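Visitor: Residue numbers (the numbering used here), protein chains in the order written: chain W, 286 to 558; chain L, -14 to 130.
This structure is in structure tokens; I'll ask about it shortly.
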């Protein structure tokens, strides 16, 4: 069922791209209510809309029927966060969010795979950690950029997804008392993701019970604009092999930067061999 | 098949284009990003031709060799030593200025139209930053040759 929702989102995004005639830097939609294509609990949809309406990156919203689905379109601008993030010496990749619906679907997979905690690494505005809380998973959001963490704190009044302003590579994960966590790594392999993922994997693998119990989700791309990995997996194959991981799920979902791209982000879910 | 005369004429023509671009760079203080990038591409184009032609020196007329040497001297003495550092400085200062302006305009609530108008300035900044990366790559090439 979750795979179907993911496919429906990708198909509806194609319709949205044809319909959209605005000028915003980023834009996305959330279905207004539960439907055949999106059999999502109304409460969850309400919480996703609340994330968008409270989030200062979005400055405009309007109703739009996309295909057969009534949606709310959110228009946003992340330029000032981009400007801040590129001036941050430790930031490995500029902030470019996945869609809220993509965050929700990604965390649905995490829940279905049996994970109990979501750790959103390089979390931006914390949307993946927020979506995990919508699904009653425990979550933690780690972001090095103080401006983005300040933004996250504005959003925790709805659901506390535990934002930390810290460097994910030096963060003390043992302090979270994790049991069965899944780590979502922000950033493409070719955009600093390998460095970030390697640092976090090395740190987490030092904690006794976590090496075997942890899942890892990598955001990859099939775009020819980026250098492919010789072991494939949308840019992550070499890292996956080197860390004795295996791919257990793969899903394509839209993000802000794939709006004008034919291929969406490839989320690769992995676990220890 | 291309004759030695054709090759010589082609090199001559490309060198003249480069000479014109270098003269423009020397005289104009407000070259835009597009013109700057064009100048680098022509430098790289002529440099590559010179390298390739020098490898075939045994079959080339001596006046072509003289032309190659003359053009390489122009690239080294005028472009690499004077124009390129000026371009890099100009681009870096431009990035600093744009960044400062965009940061100072970031406070307070803005209307949709203002946000979307500012987004164009951010896009211009991103393009200028990409140009700086390109120019820095050229510089790395000079020092690693």
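Positions of the beta carbon are idealized from the N, C-alpha and C atoms, including for glycine.
Since the structure is predicted, the reported quantities are computational estimates derived from the model, not experimental observations.
At 9 Å on the CB atoms, spell out the chain L contacts of residue 309 of chain W, in chain order.
Guide: 97, 100, 101, 104
Visitor: Under the rule that 16 or more other beta-carbon atoms within 10 Å means buried, what is residue 108 of chain L, buried or exposed?
Guide: exposed
Visitor: With burial defined as no fewer than 16 other Cβ atoms inside 10 Å of the residue's Cβ, what is the status of residue 69 of chain L: buried or exposed?
Guide: buried
Visitor: Does DSSP classify residue 313 of chain W as helix, strand or coil?
Guide: strand
Visitor: Let me know the beta strand (DSSP E) ranges lying completely inside the segment 417 to 476 of chain W, each 3 residues or longer, listed in chain order.
Guide: For the segment 417 to 476 of chain W, the continuous beta strand (DSSP E) assignments of 3+ residues that do not extend past its boundaries occur at 423 to 428, 448 to 450, 466 to 470, in sequence order.
Visitor: Can you pull out the residues from the segment -10 to 19 of chain L whose beta carbon lies closer than 7 Å to at least one beta carbon of chain W?
Guide: Within the segment -10 to 19 of chain L, no residue qualifies.
Visitor: Could you pull the start and end residues of the beta strand (DSSP E) that residue 534 of chain W belongs to?
Guide: 530 to 538
Visitor: Out of L/13, L/11, L/30, point me to the one whose CA is closest to residue -4 of chain L's CA.
Guide: L/30
Visitor: Check whether chain W comes within 8 Å of residue 122 of chain L, counting only Cβ atoms and requiring the distance to be less than that.
Guide: Taking Cβ atoms only, chain W never reaches closer than 8 Å to residue 122 of chain L, which makes this a no.
Visitor: Just mark residue 561 of chain W as buried or exposed, buried being the case when its beta carbon has 16 or more other beta carbons within 10 Å.
Guide: Look at the range of chain W in this structure, 286 to 558, and you will see that residue 561 of chain W is not part of it.
Visitor: Is it buried or exposed for residue 293 of chain W, if we count other Cβ within 10 angstroms and need 16 for buried?
Guide: buried
Visitor: Using CA coordinates, which residue listed in W/520, W/500, W/551, W/492 is at the minimum distance from residue 531 of chain W?
Guide: W/500
Visitor: Whose Cβ in chain W lies nearer than 8 Å to the Cβ of residue 119 of chain L?
Guide: None at all; the shortest Cβ gap to chain W is about 16 Å.
Visitor: How far does the alpha helix (DSSP H) with residue -2 of chain L in it extend, from its first residue to its last?
Guide: -11 to 12
Visitor: Are there three or more Cβ pairs, one per stretch, closer than 8 Å when the segment 330 to 340 of chain W is compared with the segment 439 to 452 of chain W?
Guide: These segments touch.
Visitor: Strictly under 8 Å for the Cβ-Cβ distance: is residue 362 of chain W near chain L by that measure?
Guide: yes
Visitor: Check the Cβ-Cβ distances between residue 344 of chain W and every residue of chain L, and say whether any is below 8 Å.
Guide: Taking Cβ atoms only, chain L reaches closer than 8 Å to residue 344 of chain W, which makes this a yes.
Visitor: For the putative contact between residue 315 of chain W and residue 329 of chain W, defined by C-beta atoms under 8 Å, what is the C-beta separation to the nearest angstrom?
Guide: Rounded, the Cβ-Cβ distance is 10 Å, inconsistent with contact.
Visitor: Run through DSSP, which three-state label would residue 30 of chain L get?
Guide: helix
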